[in-house]
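K.L.:
Quick note on our numbering: the sequence shown kicks off at 37 and runs consecutively. Virtual Cβ for every residue (Gly too), placed ideally from N, Cα, C. Only a predicted model underlies this, so the values are computations on that prediction, with no experimental measurement involved. Please read through the structure below; I'll follow up with questions.
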Amino acid sequence: MSTPPLLPLEDALRILRDAFPAPATAEVRADRDDPALDLSSMDGAALRASDGVAPRRVLGTRYAGDPPTLEVAPGTCVRIMTGAAVPPGADAVVPVEELEVRGDALVPVRPPRAGENIRPRAGQARAGDLLLPAGEPARAARVGLLAQVGMPVPPLARVKVGVVATGDELNAHPAPHQIRDSNGPMLEALAHALGADVRRLPALPDEPAAVRAFLEDLGDLGILLTSGGVSAGEKDHLPRVLADMGARILFHKIRLKPGKPMLTALLDGRIILGLPGNPVSSYINALMFLPVALAGLQGRRAPEPWKEGLLRAPVPNPGDRPLLHPCRRQGRDLDPLPSRGSADLVRLAQAEAFAWIPEGGLAAGPTRYLDVV
Ligand SMILES: Nc1nc2c(c(=O)[nH]1)N[C@H]1C(S)=C(S)[C@@H](COP(=O)(O)OP(=O)(O)OC[C@H]3O[C@@H](n4cnc5c(N)ncnc54)[C@H](O)[C@@H]3O)O[C@H]1N2
Ligand code: MOO
Numbered sequence: 037m038s039t040p041p042l043l044p045l046e047d048a049l050r051i052l053r054d055a056f057p058a059p060a061t062a063e064v065r066a067d068r069d070d071p072a073l074d075l076s077s078m079d080g081a082a083l084r085a086s087d088g089v090a091p092r093r094v095l096g097t098r099y100a101g102d103p104p105t106l107e108v109a110p111g112t113c114v115r116i117m118t119g120a121a122v123p124p125g126a127d128a129v130v131p132v133e134e135l136e137v138r139g140d141a142l143v144p145v146r147p148p149r150a151g152e153n154i155r156p157r158a159g160q161a162r163a164g165d166l167l168l169p170a171g172e173p174a175r176a177a178r179v180g181l182l183a184q185v186g187m188p189v190p191p192l193a194r195v196k197v198g199v200v201a202t203g204d205e206l207n208a209h210p211a212p213h214q215i216r217d218s219n220g221p222m223l224e225a226l227a228h229a230l231g232a233d234v235r236r237l238p239a240l241p242d243e244p245a246a247v248r249a250f251l252e253d254l255g256d257l258g259i260l261l262t263s264g265g266v267s268a269g270e271k272d273h274l275p276r277v278l279a280d281m282g283a284r285i286l287f288h289k290i291r292l293k294p295g296k297p298m299l300t301a302l303l304d305g306r307i308i309l310g311l312p313g314n315p316v317s318s319y320i321n322a323l324m325f326l327p328v329a330l331a332g333l334q335g336r337r338a339p340e341p342w343k344e345g346l347l348r349a350p351v352p353n354p355g356d357r358p359l360l361h362p363c364r365r366q367g368r369d370l371d372p373l374p375s376r377g378s379a380d381l382v383r384l385a386q387a388e389a390f391a392w393i394p395e396g397g398l399a400a401g402p403t404r405y406l407d408v409v
């Protein structure tokens, strides 16, 4: 039986990224000169550079937030703190470390340069300047800039993420033919660590009607993580149920080991991440795709997950999919763990990183990796 080629991981990530509309952020313009006045960038004395190293009589002190009222005449200075407006007449700020106290005067230890340690008015932007165009992704510093120019700051909200395990074999007090639900708590912890407002929902039996009834009532969830039931088994109902409900399947099955049966769909504006049941597959796909979905819903750019590392021992990969192999990590050095594959939660829990091993395997040397969360 011939099967279509599996979707490469990078394509799957791009498809999920592209499923979100461009962020509807407004342009940001300066409401006034930035800074609005000449400001000191050091704690020291504001003075006239042309007086060289002559002593300066101290007229007073200006703190950040004080209006620039004192006038600096030749032979005088004003003590000034970082962020305070430079008084009229002064054209340089000498830091305290470079001032000597002589009686009631201050003496620079070297000739000051005009303009030094002053952030000049409009040095960063002029009133009316375009600071950020419309459609820029959400960023913490953008919020700071909105506040600086007096624009409304958008409310912060965490994305609500539901976690549900599926499978008739799950039992809190398992007989030998049953297992405990480890994926549910693991995915809940992962989503929490990634900043989601996460809630775990009771596990579902392998019954299409129960799966459908559950999916019809997702309340205020923005993302649903399911575990299990997405492969080719007779009880793997999720793909069919989602298709019957009119969900838009973004992709199903990717070229990755572990994690091949991964399914991603849009259902009534919600993102469904259908994670495979094997614990390592479930974890890796959540680690790869959940940050993209969270970022997409919040109008942020998804973080770049890959880092450059050095594999310290060869890892074989006889399969026809790239492998993400669990490793311990010290700095850039990756030490492969003796993983038994996609069900090996023991090695998953010991892993600090996953090394990228292409088809055919990899000798010791450079490769990219992902950090675990
Ligand atoms: N004929 C085929 N069989 C399988 C294929 C395939 O392409 N053709 N893919 C294999 C791959 S790869 C994976 S990964 C698994 C994924 O299967 P499902 O996502 O359908 O998951 P299940 O069959 O429900 O479970 C797989 C495995 O994981 C255990 N499991 C399930 N839920 C949990 C949980 N909450 N906590 C811990 N462990 C869980 C479950 O008992 C199974 O052992 O399919 C392969 N088969
Ligand atoms: O993707 Mo499956 O995770 O290879 O076992």
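Looking at A322 and L226, is the spacing between their C-beta atoms short of 7 Å?
P.N.:
For this step, residue 226 is matched to residue 190 along the sequence shown. For this step, residue 322 is matched to residue 286 along the sequence shown. Yes, they are a contact pair.
K.L.:
Given that a residue counts as buried once 16 or more other Cβ atoms are within 10 Å of its Cβ, and exposed if not, what is T39?
P.N.:
Stepping through the sequence shown from its first residue, residue 39 is reached at position 3. Its Cβ having fewer than 16 others within 10 Å, T39 is exposed.
K.L.:
Check each candidate in D67, T61, A81, Q184 and name the one with the smallest Cα separation from A163.
P.N.:
Position 127 of the sequence shown holds residue 163. That would be D67, whose Cα lies nearest to the Cα of A163.
K.L.:
Cβ of S375 within 6 Å of any heavy atom in ligand 1?
P.N.:
In the sequence shown, the residue the question calls residue 375 occupies position 339. Every heavy atom of ligand 1 is 6 Å or more from the Cβ of S375, so no.
K.L.:
Hey, would you say A400 sits closer than 7 Å to R348, going by beta carbons?
P.N.:
Indexing the sequence shown from 1 puts residue 400 at position 364. Indexing the sequence shown from 1 puts residue 348 at position 312. Cβ atoms of A400 and R348: closer than 7 Å.
K.L.:
Note down the Cα distance separating R368 from G345, rounded to an integer number of angstroms.
P.N.:
Position 332 of the sequence shown, counting from 1, holds the residue named residue 368. Position 309 of the sequence shown, counting from 1, holds the residue named residue 345. Going by the C-alpha atoms only, they are around 5 Å apart.
K.L.:
Can the beta-carbon of V114 be found less than 7 Å from the beta-carbon of G80?
P.N.:
Taking the first residue of the sequence shown as 1, we reach residue 114 at position 78. Taking the first residue of the sequence shown as 1, we reach residue 80 at position 44. For V114 and G80, no; Cβs fall outside 7 Å.
K.L.:
Return the residue from the list V200, K271, F56 that minimises the CA-CA distance to Q334.
P.N.:
As a position in the sequence shown, residue 334 is number 298, starting the count at 1. The shortest C-alpha separation from Q334 is found at F56.
K.L.:
Which whole-angstrom value describes the C-beta separation of L83 and R92, a residue pair presumed to lie in contact below a C-beta threshold of 8 Å?
P.N.:
Here residue 83 corresponds to residue number 47 of the sequence shown, with the count starting at 1. Here residue 92 corresponds to residue number 56 of the sequence shown, with the count starting at 1. Here L83 really is in contact with R92; their C-beta atoms are around 5 Å apart, less than 8 Å.
K.L.:
Are the beta-carbon atoms of A100 and M117 separated by less than 7 Å?
P.N.:
Counted from its first residue, the sequence shown places residue 100 at position 64. Counted from its first residue, the sequence shown places residue 117 at position 81. For A100 and M117, yes; Cβs fall inside 7 Å.
K.L.:
Would you check if the distance between the CB atom of I393 and the CB atom of N353 is smaller than 7 Å?
P.N.:
What you label residue 393 is simply residue 357 of the sequence shown in a count that begins at 1. What you label residue 353 is simply residue 317 of the sequence shown in a count that begins at 1. Yes; because the gap between Cβ atoms is below 7 Å, this pair is in contact.
K.L.:
Assuming G125 and S76 are in contact, meaning their beta carbons sit under 8 Å apart, how far apart are those beta carbons, in whole angstroms?
P.N.:
As a working note, residue 125 is residue 89 in the sequence shown. As a working note, residue 76 is residue 40 in the sequence shown. Here G125 is actually not in contact with S76; their C-beta atoms are around 14 Å apart, not less than 8 Å.
K.L.:
Do the stretch 353 to 365 and the stretch 289 to 309 meet, that is, are 3 or more Cβ pairs less than 8 Å apart?
P.N.:
yes
K.L.:
F325 and L302 - do their beta-carbons sit closer together than 7 Å?
P.N.:
On the sequence shown, position 266 is the one that residue 302 refers to. On the sequence shown, position 289 is the one that residue 325 refers to. The answer is no: Cβ separation not under 7 Å.
K.L.:
On the DSSP letters alone, give me the boundaries of the alpha helix (DSSP H) that S317 sits inside.
P.N.:
For the purposes of this step, residue 317 is taken as residue 281 along the sequence shown, with counting starting at 1. Following the DSSP letters along the chain, one finds S317 inside the alpha helix (DSSP H) bounded by residues 315 to 333.
K.L.:
For A229 versus V409, is the C-beta spacing smaller than 7 Å?
P.N.:
Stepping through the sequence shown from its first residue, residue 229 is reached at position 193. Stepping through the sequence shown from its first residue, residue 409 is reached at position 373. Going by C-beta atoms, A229 is nearer than 7 Å to V409.
K.L.:
Does K289 pass the burial test, meaning 16 or more other C-beta atoms within 10 Å, or should it be called exposed?
P.N.:
If you number the sequence shown from 1, residue 289 lands on position 253. Classification of K289: buried, given that the 10 Å Cβ count is 16 or more.
K.L.:
Alpha carbon to alpha carbon, how far is D74 from A150? Give it in angstroms, no decimals.
P.N.:
As a working mapping, residue 150 is identified with position 114 in the sequence shown. As a working mapping, residue 74 is identified with position 38 in the sequence shown. The straight-line gap from Cα to Cα measures roughly 13 Å.
K.L.:
For V277, report the span of its alpha helix (DSSP H) as first-last.
P.N.:
Taking the first residue of the sequence shown as 1, we reach residue 277 at position 241. 274 to 280 is the span of the alpha helix (DSSP H), which, as asked, contains V277.
K.L.:
Classify P144: buried if its beta carbon has 16 or more other beta carbons within 10 angstroms, exposed otherwise.
P.N.:
To locate residue 144, count along the sequence shown from 1; it is residue 108. Classification of P144: buried, given that the 10 Å Cβ count is 16 or more.
K.L.:
Go through the stretch 113 to 183 residue by residue and report every complete run of the alpha helix (DSSP H) that reaches 4 residues or more, in order.
P.N.:
none
K.L.:
Quick one, which of V197, L135, A245, A174 has its alpha-carbon nearest G88's?
P.N.:
Position 52 of the sequence shown holds residue 88. G88 has its Cα closest to that of L135, out of V197, L135, A245, A174.
K.L.:
Does the distance between the C-beta of N219 and the nearest non-hydrogen atom of ligand 2 fall short of 6 Å?
P.N.:
In the sequence shown, the residue the question calls residue 219 occupies position 183. For ligand 2, not one heavy atom lies less than 6 Å from the Cβ of N219.
K.L.:
Pull up the distance between the alpha-carbon of E46 and that of R53, whole angstroms please.
P.N.:
As a first step, residue 46 is located in the sequence shown; it is residue number 10 there, counting from the start. As a first step, residue 53 is located in the sequence shown; it is residue number 17 there, counting from the start. Distance between the alpha carbons of E46 and R53: 10 Å.
K.L.:
Run through DSSP, which three-state label would H288 get?
P.N.:
Numbered from its first residue, the sequence shown carries residue 288 at position 252. If DSSP states are grouped into helix, strand and coil, H288 belongs with the strands.
K.L.:
Within the present structure, is the beta-carbon of E395 separated from the nearest heavy atom of ligand 1 by less than 6 Å?
P.N.:
Here the question's residue 395 lines up with position 359 in the sequence shown. Result no, Cβ not under 6 Å from ligand 1.
K.L.:
Compute the distance between the beta-carbons of G186 and V199, then report whether it is under 7 Å.
P.N.:
What you label residue 186 is simply residue 150 of the sequence shown in a count that begins at 1. What you label residue 199 is simply residue 163 of the sequence shown in a count that begins at 1. Against a cut-off of 7 Å, the Cβ pair of V199 and G186 comes out as no contact.
K.L.:
When you compare only the Cα positions, how much space is there between E63 and L167?
P.N.:
Counted from its first residue, the sequence shown places residue 63 at position 27. Counted from its first residue, the sequence shown places residue 167 at position 131. About 8 Å.
K.L.:
Start and end of the alpha helix (DSSP H) containing H361?
P.N.:
As a position in the sequence shown, residue 361 is number 325, starting the count at 1. Segment 359 to 366 is the beta strand (DSSP E) holding H361; no alpha helix (DSSP H) there.
K.L.:
Let me check understanding here. Comparing Cα to Cα, which of D242, E152, A385 lies closest to V277?
P.N.:
On the sequence shown, position 241 is the one that residue 277 refers to. That would be D242, whose Cα lies nearest to the Cα of V277.
K.L.:
Could you tell me the boundaries of the alpha helix (DSSP H) in which G220 lies?
P.N.:
In the sequence shown, the residue the question calls residue 220 occupies position 184. From DSSP, the alpha helix (DSSP H) with G220 extends over 219 to 229.
K.L.:
Under DSSP, the alpha helix (DSSP H) around E46 begins and ends at which residues?
P.N.:
For the purposes of this step, residue 46 is taken as residue 10 along the sequence shown, with counting starting at 1. Counting along the chain, the alpha helix (DSSP H) containing E46 begins and ends at 45 to 54.
K.L.:
Under 6 Å, CB to any heavy atom of ligand 2. Which residues pass, going along the chain?
P.N.:
K293, P294, G295, K296, P312, N314, S317, S378
K.L.:
Go ahead and label P312 buried or exposed: buried means 16 or more other beta carbons lie within 10 angstroms of its beta carbon, across all protein chains shown.
P.N.:
The residue given as residue 312 occupies position 276 in the sequence shown. It is buried - the Cβ of P312 has at least 16 other Cβ atoms within 10 Å.
K.L.:
Rounded to whole angstroms, what's the CA-CA distance from A283 to R157? Just pull it up for me.
P.N.:
Reading the sequence shown from its first residue, position 247 is the one you call residue 283. Reading the sequence shown from its first residue, position 121 is the one you call residue 157. The alpha-carbon atoms of A283 and R157 are separated by roughly 55 Å.
K.L.:
Is the separation between the beta-carbon of Q386 and that of L373 shorter than 7 Å?
P.N.:
For the purposes of this step, residue 386 is taken as residue 350 along the sequence shown, with counting starting at 1. For the purposes of this step, residue 373 is taken as residue 337 along the sequence shown, with counting starting at 1. For Q386 and L373, yes; Cβs fall inside 7 Å.
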